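*Asks:*
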Amino acid sequence: MLRKTIKRTIIVYVILGFLVGLGMLVYSFFNKDFTFYFGEKEVHGIVSGIIAVPFVPFIMAIVGLFHAVMLWFPLVYIYKKMTSNRSLR
């Protein structure tokens with residue numbers, strides 16, 4: 021159950037991260053002041069939007085992993101325990 025919860029959560033978070041990355045790319049087309057901080061370097065303009073597309077889903081996948089373990093798995097576990105027929109006996 022933990023593996024399934026982690027897998028589904030990471031997939032959802034990566035899709036959301038990809039959409040946010042695409043939004044950053046589109047925004048960088050129209051705003052040259054858009055900045056993406058890559059370590060200690062600052063990247064401006066369209067290049068920052070292009071860099072954001074692969075990095076934001078990666079960051080969101082890591083966030084999704086921690087959310088899956090600390091937030092979603094306990095909620096799913098409690099819900100399954102409360103709705104199982106064995107707990108009613």
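Following our numbering, the numbering of the sequence shown begins with 21 at its first residue and continues without gaps. Cβ atoms here follow ideal geometry from the backbone N, Cα and C, with glycine treated the same way. In this text the structure is predicted, and so the values were computed from the model without any measurement.
#1: Indicate whether phenylalanine 93 and isoleucine 66 have their beta-carbon atoms separated by less than 8 Å.
#2: Within 10 Å of its beta-carbon, does methionine 44 have 16 or more other beta-carbons around it, so buried, or fewer, so exposed?
#3: I'd like the list of long-range same chain contacts for alanine 81, defined as Cβ closer than 8 Å, with 5 residues on each side in sequence excluded.
#4: Just mark serine 104 as buried or exposed, buried being the case when its beta carbon has 16 or more other beta carbons within 10 Å.
#5: Per DSSP, what kind of secondary structure is tyrosine 99 in: helix, strand or coil?
*Replies:* This is what the structure holds:
#1: If you number the sequence shown from 1, residue 93 lands on position 73. If you number the sequence shown from 1, residue 66 lands on position 46. Not a contact, by the Cβ cut-off of 8 Å.
#2: The sequence position of residue 44 within the sequence shown is 24, counting from 1. The Cβ neighbour count for methionine 44, taken over all protein chains shown within 10 Å, is at least 16; the residue is labelled buried.
#3: The count along the sequence shown starts at 1 and reaches residue 81 at position 61. The residues are Ile30, Tyr33, Val34 and Gly37.
#4: In the sequence shown, the residue the question calls residue 104 occupies position 84. Serine 104 should be labelled exposed.
#5: Position 79 of the sequence shown, counted from the first residue, corresponds to residue 99. Helix.
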